[in-house]
Amino acid sequence: MQREVSYGEAMRRKYPEPIVIAISRDSQGKYNPITLGWFMPTSHEPPMVAISVAFARHSYGAIRGSGCFVVSFPSEHMKEETLFFGTKSGRELDKLAAMKTKIQQAKMIDSVLLEDAVVNLECILKAELTTGDHAIFVGQVVAAHVNADAALRRLYTIDSHYGMSAVRPV
Ligand SMILES: Cc1cc2nc3c(=O)[nH]c(=O)nc-3n(C[C@H](O)[C@H](O)[C@H](O)COP(=O)(O)O)c2cc1C
Numbered sequence: 107m108q109r110e111v112s113y114g115e116a117m118r119r120k121y122p123e124p125i126v127i128a129i130s131r132d133s134q135g136k137y138n139p140i141t142l143g144w145f146m147p148t149s150h151e152p153p154m155v156a157i158s159v160a161f162a163r164h165s166y167g168a169i170r171g172s173g174c175f176v177v178s179f180p181s182e183h184m185k186e187e188t189l190f191f192g193t194k195s196g197r198e199l200d201k202l203a204a205m206k207t208k209i210q211q212a213k214m215i216d217s218v219l220l221e222d223a224v225v226n227l228e229c230i231l232k233a234e235l236t237t238g239d240h241a242i243f244v245g246q247v248v249a250a251h252v253n254a255d256a257a258l259r260r261l262y263t264i265d266s267h268y269g270m271s272a273v274r275p276v
């Protein structure tokens, strides 16, 4: 049986939700990570992905301005920095430096990969669509990288209070 509720109440039941971190170069020249739940692959050929970024975020201007971004899948061991990147703004500080996050230069674009992540995708910005208070950025994947440890698990949000964990088969 179904009970009608508000959109907000319904969405509190969406978890677990996979997390990504998008990294883009801002106008000061620093690489700025933002934690995102709203991500989806959108094409096989060419490979394309989409992320949804609120206009209010520092990352919104950084992605538009640089025209490219890395999408990183944080591992289950990256809880602390994933929460930090999702609660602090690059307007006020250098988040990667503050967390001493290990990075390596991207191969095809002007951004950085997160060394301890499960996956890093290098994306060139191809389109932007306004959807309410967020913009959907569509990126074409021009290089993909995986962690040498194939057993490393992705990090998910598991509740509406930013609880985070890997998910395991039941
Ligand atoms: C688990 C989690 C998921 C989030 N998902 C999104 C998202 O999909 N889109 C978005 O715009 N902000 C999202 N945020 C909020 C941003 O990460 C947060 O506002 C961040 O501090 C913005 O950083 P910036 O100002 O440096 O861009 C999320 C935060 C967390 C912790």
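In my numbering, the protein residues as written are 107 to 276. Using N, Cα and C, we set each Cβ at its ideal position, and we do this for glycine too.
{"Query": "Taking Lys-120 as part of the beta strand (DSSP E), name the residues at either end of that continuous run.", "Result": "Unbroken run through Lys-120: none, as it is neither H nor E."}
{"Query": "Look at the alpha carbon of Ser-271 and the alpha carbon of Ala-116, and state the distance between them as a whole number of angstroms.", "Result": "21 angstroms"}
{"Query": "In three-state DSSP terms, what is Glu-187?", "Result": "helix"}
{"Query": "Mark Pro-147 as exposed unless 16 or more other C-beta atoms lie within 10 angstroms of its C-beta, in which case mark it buried.", "Result": "exposed"}
{"Query": "For the candidate residues Arg-163, Asn-253 and Met-154, whose alpha-carbon lies nearest to that of Gly-196?", "Result": "Arg-163"}
{"Query": "Output yes or no for whether 8 angstroms exceeds the beta carbon distance between Ser-172 and Ala-128.", "Result": "no"}
{"Query": "Tell me the rounded alpha-carbon separation between Val-177 and Lys-120.", "Result": "22 angstroms"}
{"Query": "Can you find at least 3 beta carbon pairs, one from the stretch 216–236 and one from the stretch 178–189, that sit closer than 8 angstroms?", "Result": "yes"}
{"Query": "Ile-157 to Val-276, Cα distance in whole Å?", "Result": "29 angstroms"}
{"Query": "Is the distance from the Cβ of Glu-228 to the Cβ of Ile-215 below 8 angstroms?", "Result": "yes"}
{"Query": "With a cut-off of 8 angstroms on the beta carbons, I'd call Val-224 and Leu-258 a contact; round off their distance for me.", "Result": "5 angstroms"}
{"Query": "The beta strand (DSSP E) spanning Leu-231 covers which residue range?", "Result": "225–237"}
{"Query": "Round the Cβ separation of Ile-140 and Tyr-262 to the nearest angstrom and send it over; I've been treating them as touching at under 8 angstroms.", "Result": "At roughly 17 angstroms, the Cβ-Cβ gap does not stay under 8 angstroms, so Ile-140 and Tyr-262 are not in contact."}
{"Query": "Would you say the beta carbon of Asn-138 is closer than 7 angstroms to some non-hydrogen atom of ligand 1?", "Result": "yes"}
{"Query": "Just to confirm, does His-183 get its C-beta within under 7 angstroms of one of the non-hydrogen atoms of ligand 1?", "Result": "no"}
{"Query": "Ile-160 to Arg-170, Cα distance in whole Å?", "Result": "Note that residue 160 is Ala in the sequence shown here, rather than Ile. The straight-line gap from Cα to Cα measures roughly 12 angstroms."}
{"Query": "So what's Gly-245 in DSSP terms, helix, strand or just coil?", "Result": "strand"}
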